[in-house]
Structures are given as structure tokens and as C-alpha cells.
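The opening position of the sequence shown corresponds to residue 10 in the working numbering, with each subsequent residue numbered one higher.
Glycine included, C-beta positions come from ideal geometry on N, C-alpha and C.
One structure is given below, encoded as C-alpha cells.
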Amino acid sequence: HELQKFDHNIRLISHKTNRGYGAAVKTGLKACKMDWIFFTDSDGQFHYDELHKFVNVCDKADLIIGYRRKRMDPFHRIFVAQVLLKVWNFLFF
């Protein structure tokens with residue numbers, strides 16, 4: 010609610026019960042009223058200074074999707090993911 014005080018364009022959209030990430034994204038997209046929609050996860054993988062690359066081609070496509078070829082995960086996240094993958098493969102495959 011705090012951000013709404015600083016920008017009247019911000020609307021709070023919520024579910025009465027937690028319905029998960031996918032439902033949050035769907036509800037947010039359905040509530041959009043503008044011509045363009047941009048969303049990204051908050052894990053720091055996308056650098057906002059690259060947004061102009063998408064804007065420059067918006068008039069040439071109905072949908073623009075981008076992804077980072079080289080993720081920017083911190084070492085501990087990569088390490089934990091690799092350990093869990095090895096444990097998972099050992100237990101189930």
C-alpha cells in the first residue's frame with residue numbers, strides 16, 4: 010500500500026487466499042489496462058537498462074519475449090541448485 014502513496018498509477022491487486030505465483034501473474038495480466046505490458050521476476054536477472062531493446066521493436070511484433078543467456082545467480086544459489094540436483098538424481102534416477 011505504501012507505493013500507492015507515491016504514484017497514483019499503482020494499483021494493488023490481491024487474492025483473498027494465496028493462489029500461488031501463476032495465479033498472481035494471470036490476475037495481474039488480466040487487470041492491465043495499458044497497450045504495453047512488461048513484467049519480470051524480482052530475482053535480479055533482468056537489467057532494466059536493457060528495456061529499450063524491447064521498446065525499439067514493439068511496433069514490429071505482437072509479443073516480445075527475452076531471456077538472459079548467462080544467468081547472474083550468486084555462487085551460493087548455483088551451488089545449492091547443483092547439490093539438490095545431484096541428490097534428486099541419486100534418489101530417483
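Integer Cβ distance of residue i from residue j, believed to fall under 8 Å
i, j, result
"Thr-36", "Ile-46", "No, Thr-36 and Ile-46 are not in contact; Cβ-Cβ is about 13 Å, not under 8 Å."
Within 9 Å, strictly: CB atoms of residue i and residue j
i, j, result
"Phe-55", "Gly-31", "no"
"Phe-48", "Val-64", "no"
"Ala-70", "Asp-82", "no"
Residue i, DSSP secondary structure in three states
i, result
"Asn-98", "helix"
"Ile-73", "coil"
"Phe-47", "coil"
"Val-66", "coil"
"Thr-36", "helix"
"His-24", "coil"
"Phe-55", "coil"
"His-19", "Residue 19 is actually Ile in this sequence, not His. If DSSP states are grouped into helix, strand and coil, Ile-19 belongs with coil."
Continuous alpha helix (DSSP H) stretch holding residue i: start and end
i, result
"Asp-11", "According to the sequence displayed, residue 11 carries Glu and not Asp. Per DSSP, Glu-11 belongs to the alpha helix (DSSP H) from 11-15."
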